[in-house]
Every structure is written in structure tokens, then in C-alpha cells.
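Step one of this worksheet: look at the structure below.
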Amino acid sequence: MKVQAIALNTFREAVRDRILTSVLAFALLLIAASAILASLSIGQEGKIVKDLGLASSSLFGTFIAIFLGIGLVSKEIERRTVYTIIAKPVHRFQFLLGKYIGLVLTLLVTVGVMVLLVVGLAWAVDGHWTPGLLAAAGLDFLALMIVTAVAILFSTFSTPTLSAIFTLAIFVIGRLSGDLRWFAEQFAGPGLRRAIQVLYLILPDLSRFQIGPQVVHGLPLSTAGIVWAALYGVVYILVLLLLAIGVFQRRDFK
Amino acid sequence: MISETLLRPARISLVAFLLAFGLLVGAVIPLHRQALARAGHSFEERIWLLPPPPALRVASLGFHGMAADLVWLLTIQYFGGHVSTDMQFPELRRMLETVIALDPDFVEVYSLGALFLNYFARDVRGAIALLEDGARANPTRWEIPHDLARTYYLDLKDSRQALHWFEVTDRLSGRPHYVPRFIARLYAATGERDTALELWQAMRDSATSEWVRELAMQEIAKLEGQIADESRERMR
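Order-wise, the sequence lines are chains A and P. Under the working numbering, the first sequence has 187 at position 146, and the numbering climbs by one with no breaks. Under the working numbering, the second sequence has 940 at position 216, and the numbering climbs by one with no breaks.
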């Protein structure tokens, strides 16, 4: 109940944020513009609308997750509102969980609006419905939930600027982890290869959540692959949230 | 009367704002023209500066499909620009290779790129190499071996290779109904013109763009003219 109240409050606060409205407006404009851009291709309108649409929703969703996520805890400390909350019979983990769920809810609404536009445009261009787009967007959303959890973890012990830099770095590494591992296997010596393999296992592999290319090309999707990726995502989020709660519990608010 | 109203202290900031806004908006168009004239980077220069595929793969942060689409749109722009001017395409092959390095499953790039290379850049070997790359990257798609067979048959007059690629096409699901008939004709080495005509007709009927349809219709008209000439000759 307490978690729910904090989550709803976080959602309301985030929805009122002007950054969110402007980023969403810009994303919707870009997705709509992809239909104009696609008309310049030779018979590839559907592919371009889906590719650009999925990439835009993922990128703008990440911006929202990072720029709202980094301020979730630090803003409360800065405004000193955290004192009034932790003085009440609210556990710190409930506060953090509420914040996380509130931001995920905000992302669900904003990314949902973007994905609806992508699906609608793809339908209009292709003349048929592509259900795989929803699966691709769903897995992408799980990657966004990981980025949000990373942002919250950093915001429990760091400044908003540093949290933004760290989260952005984790996002970039996560997106490129597949390529990094490939480069290491091809060109690195045994020591560096091992180091990169260890990093690959520790850092989030966000490329696991990308099934957009298969959906766009109409290739068969592996249900087992999707289920394993989803499980990996859920467990990774739980680990990050536990870490964040651990740090937040030990934090001294004097 | 008007100047008195405008010079009231309360209005001065508004007037100054409107003046500044008007001046700046008025300056934008000539400045933009100057910037364009002195930019130093023409479209061609931007094409030369296109980074190699591995760098683009990293820079696109895993959004390889989107990066491939953008390079594909650039390729079409480049191709269209040269079709309407000098018909020289020195960067075409590199651009096509960049698109498929970013998105190897983008089957239409192999097919359309091969048409660009073959019928406009007059680089039939380049077209074959592109299609062979496509067949290796997409072994389950019938379109690429089919295009290889068509290119070998129509442009290189190599029936042996055409037969091989039609046989590859025949093993793949979704292939057109006429493929077994062509295989039979190639084994019997008969009906060359009819096969060519049917191949172009199939291309016209399955074309997803007006440009490909027009190309096929031109070739059909040429072939029909030749068939009509031949039958007239025979009548005499």
C-alpha cells in the first residue's frame, strides 16, 4: 500500500515534468517523420518505419529513464523531502521500490504511446498488422527497466550529473556488449579476452533484448530465446534493486 | 500618435523584442544561403566521408537496422543523382556493401543493388558478387538465388550457372511456381526467349516499386519487339 502510494505520487510528479512532455513530443514527431523518410526508399517503407520507430522509442525511452531516474532519490535529498518521508513509518526499501515502480509506470505510458504510433504507422504502410512489433517493444521495455534500475542505483549514492554519466556509460556498454565480445574474440590477447569476458558477464547485455531486426525482416522468433532474455532481465533488475536498497539503507541522512 | 504609444516606457521592451526578432528572422535566410555556399562539403564529399562498416556498427549503438536504412536512403539519393547526370557510380558498390554489413538480412538491398549495378553501372560482376554475398547470408530466402539465376541467364548467357541457381531456388520454400518449368527448359536448352520474357514478366508482377516495374516493362517491350521481328522473318 505504501509502495503503491509512493509509486503513484512519483508517476504524477514525473508526468508533470516538462522534460518528459517535450521528449515525448519530439519522439512522436520523429516517429511520424519516419513515414515521410520511408517514402524516399524504393519499396522499403514498412521496414524503415519499423526500424526507425523501434529505435526512436528505445532511445527516447532511455533518455527519459536516465534523466528522470537520476533525480528520483537525489532530488528528494536536495529538497529535504526525504526526511519527512523516512520519519514516517515507511521503510527505506518501500520508498525506493515505490520510486522505481512509479518511474517504470511513467515509462510504460510514454513508451506505450510511442509504440502505438509505430504499430499504427506500420499497419498503414504495410496494410497488415505485425504482432511481432509488440514482442520487440516488450523486450525493449525490459531493457529500459534495467537502465532505470541502474539510474536508481547510482542516484542512491552519487550526484545527478555523475549518475547520468555512469548510467549512460552502462547503457552504451550494454548495447555494444555483443560487439565488444566479438572484437575481443577476434583481436585481443588471452588476458584481455578473459577480462572482457568477465566484464561481459557482469555488465548488462542489453543486446539480448533486441528482437527488432527479426521482427522487421519477418524472420521466425525463438520463444525460448525470448523467455530466457526476459528471465535474465527480471533477475538482473532484482539484483540492481537489491544493491540500490542496500546502499540506501546504509546511507546516513544527517 | 502611433510613435507616442510605442515610446511609452511599458511598450519599449516589447518593441525592442519585436525589432530584434524581426532582424534575426530576416538574417536567417541570407545566412543559411551563405552557409550552404561556403560549407565545403557537397553530397559527394559526405559520401566519401562515410565511415567504414565496423565503425558504423559501433557508432549506431546496436541500432544496426536503423543505420542500414539511413545508409540505404543515402545510396538511393546517390544513385538517383548520378542516373540523372553522368551515369557514373564509383561509390555505389561501397555504399551497398556498407548497408549489407550493417544489416545482412536486408534482402531487398541485394536484389535492388544488383539491378543498380547491372543495368546502370554496367558492373555485372559486381552485381553477381553482391547477390552471392546475399545468398551466403540468407540461405533460406529464395529471392537471391532466383536473382542470381536470372542475372546469369539474361545478362551473362551462362545457362549452366543459371540452372545451378534455379535448382537452389527450387529447394527453397515460397519460390515462384515457374521455377521447375525453367529448370526443365534449361535441361532441354530450349525456349530461350520465352524464358527471358517470363522472367521479366514475373519481375514486373512481383515488383514492390514503380522503378523496378518500369525497368521490367522496358525489357519486356524490347523482347516482345524481338519476338515479333522474328515471327515476321519466319512468315516471309
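Just so it is clear, CB atoms sit at the ideal spot from N, CA and C, and this is done for glycine as well. Since the structure is predicted, the reported quantities are computational estimates derived from the model, not experimental observations.
(message) Counting only Cβ pairs nearer than 8 Å, list the residues of chain A close to Val782(P).
(response) Here the neighbours are Leu217 and Asp220.
(message) Strictly below 9 Å CB to CB, what residues from chain A border Trp866(P)?
(response) Neighbours of Trp866(P) across chain A, judged by C-beta separation under 9 Å, do not exist; the nearest C-beta is about 14 Å away.
(request) Name, please, each residue of chain P whose Cβ falls closer than 8 Å to the Cβ of Val257(A). (result) By Cβ distance, chain P contributes Gly789.
(request) Anything in chain P within Cβ reach of Gln227(A), meaning under 8 Å, just list it in chain order. (result) Ordered by position in chain P, no residue passes the 8 Å Cβ test against Gln227(A), which lies about 10 Å from the chain.
(request) Would you mind sorting Thr62(A) into buried or exposed? The rule is 16 or more other CB atoms within 10 Å of its CB. (result) With a threshold of 16 other beta carbon atoms within 10 Å, Thr62(A) falls short and is exposed.
(request) Report the neighbours of Ser933(P) on chain A: residues whose CB is nearer than 8 Å to its CB, in chain order. (result) Residues of chain A passing the Cβ test: Ile83 and Gly84.
(message) Strictly below 8 Å CB to CB, what residues from chain A border Leu797(P)?
(response) Simply Leu78, Leu81, Ser82 and Ile89.
(message) Are there any heavy atoms of the ligand NAD lying less than 8 Å away from the beta-carbon of Ala861(P), as far as the coordinates show?
(response) Only the bare structure without any ligand can be found here, which leaves the ligand NAD out of the picture.
(message) Can you check which of these residues, Leu826(P), Ala920(P) and Thr864(P), is closest to Lys881(P) by C-alpha distance?
(response) Measuring from the Cα of Lys881(P), the nearest candidate turns out to be Ala920(P).
(message) For Pro776(P), report the span of its alpha helix (DSSP H) as first-last.
(response) First-last for Pro776(P): undefined, no H or E at that position.
(request) Assign Phe101(A) to one of two classes, buried (16 or more other C-beta atoms within 10 Å of its C-beta) or exposed (fewer than that). (result) When all chains shown are included, Phe101(A) counts as buried.
(request) Work out the CA separation of Arg735(P) and Phe741(P) for me, nearest whole Å. (result) Phe741(P) and Arg735(P): Cα-Cα distance of roughly 10 Å.
(message) Output needed for Ile868(P): all residues of its chain with C-beta closer than 8 Å, excluding positions within five of it in sequence on either side, in chain order.
(response) Taking Ile868(P) as the centre and dropping the five residues before and after it, the same chain places the C-beta of Val831, Tyr834, Ser835, Leu855, Gly858, Ala859 and Asn862 closer than 8 Å to its C-beta, in chain order.
(message) I need the boundaries of the alpha helix (DSSP H) containing His677(P), first residue and last residue.
(response) This structure gives no information on residue 677(P), because the portion of chain P shown stretches from 725 to 960.
(message) Give me, in chain order, the residues of the same chain whose beta-carbon lies closer than 6 Å to that of Leu910(P); leave out the 5 immediate sequence neighbours on both sides.
(response) Correct list, in chain order: Ser883 and Leu887.
(request) Check each candidate in Val123(A), Ala68(A), Gln255(A) and Arg59(A) and name the one with the smallest Cα separation from Leu109(A). (result) It is Arg59(A).
(message) Just to confirm, is the Cβ distance from Asp220(A) to Gly786(P) under 9 Å?
(response) Note that the C-beta distance between Asp220(A) and Gly786(P) is below 9 Å.
(request) Taking Leu855(P) as part of the alpha helix (DSSP H), name the residues at either end of that continuous run. (result) Counting along the chain, the unbroken alpha helix (DSSP H) around Leu855(P) starts and ends at Val848 to Ala861.
(request) Find out if the Cβ-Cβ distance for the pair Thr799(P), Leu826(P) is shorter than 9 Å. (result) Taking 9 Å as the Cβ cut-off, Thr799(P) and Leu826(P) do not qualify as a contacting pair.
(message) Counting only Cβ pairs nearer than 9 Å, list the residues of chain P close to Gly232(A).
(response) Result: empty, since nearest Cβ-Cβ is about 22 Å, beyond 9 Å.
(message) Is the separation between the beta-carbon of Ala68(A) and that of Leu183(A) shorter than 9 Å?
(response) With contacts defined by Cβ atoms closer than 9 Å, Ala68(A) and Leu183(A) do not form a contacting pair.
(request) Determine, using beta carbons only, whether Leu774(P) comes closer than 9 Å to chain A. (result) No, its Cβ sits nowhere closer than 9 Å to a Cβ of chain A.
(request) Please name the residue, chosen from Gln942(P), Arg899(P) and Gly949(P), that lies closest to Arg928(P) on a Cα-to-Cα basis. (result) The shortest C-alpha separation from Arg928(P) is found at Gln942(P).
(message) Looking at the secondary structure, which residues open and close the alpha helix (DSSP H) in which Ala192(A) lies?
(response) From DSSP, the alpha helix (DSSP H) with Ala192(A) extends over Gly173 to Ser196.
(request) Inspect the CB distances between the stretch 172 to 180 of chain A and the stretch 84 to 99 of chain A and report whether three or more fall short of 8 Å. (result) Output reads yes: the stretch 84 to 99 of chain A touches the stretch 172 to 180 of chain A.
(message) Quick test of your reading: Leu180(A) and Phe104(A), contact by CB under 8 Å. State the CB separation rounded to the nearest angstrom.
(response) The Cβ separation is near 19 Å, so there is no contact.
(message) Beta carbons nearer than 8 Å to chain A: which residues of the stretch 824 to 855 of chain P have them?
(response) Taking 8 Å as the cut-off between beta carbons, the residues of the stretch 824 to 855 of chain P near chain A are Asp827, Asp829, Phe830, Val831, Glu832 and Leu836, in sequence order.
(request) Identify the contact partners of Ser248(A) in chain P, using a Cβ-Cβ distance below 8 Å as the criterion. (result) Simply Gly786.
(request) Please name the residues in the stretch 798 to 814 of chain P whose beta-carbon is closer than 8 Å to at least one beta-carbon of chain A, in chain order. (result) The residues in question are Ile800 and Gln801.
(message) Buried or exposed, going by whether 16 or more other CB atoms sit within 10 Å of the CB of Leu254(A)?
(response) The residue you asked about is not Leu; residue 254(A) is Pro in the sequence shown. If you draw a 10 Å sphere on the C-beta of Pro254(A), you find 16 or more other C-beta atoms in it, and that means buried.
(message) Could you tell me the alpha carbon to alpha carbon distance between Thr809(P) and Ala210(A), rounded to whole angstroms?
(response) Inter-residue distance for Thr809(P) and Ala210(A) is about 46 Å (C-alpha atoms, whole angstroms).
(request) Look at Ala285(A) and Ile193(A) and say whether their C-beta atoms are less than 9 Å apart. (result) Ile193(A) is positioned such that its CB atom lies closer than 9 Å to that of Ala285(A).
(message) Out of Ser99(A), Leu282(A) and Gln85(A), which one is the CA nearest neighbour of His258(A)?
(response) Closest by alpha carbon: Gln85(A).
(request) Verify whether the separation of the beta carbon atoms of Leu797(P) and Leu81(A) is less than 9 Å. (result) Against a cut-off of 9 Å, the Cβ pair of Leu81(A) and Leu797(P) comes out as a contact.
(message) On a Cα-Cα basis, can you pick out the residue from Ala178(A), Val44(A) and Ala225(A) that is closest to Leu138(A)?
(response) For Leu138(A), the closest alpha carbon among the candidates Ala178(A), Val44(A) and Ala225(A) is that of Val44(A).
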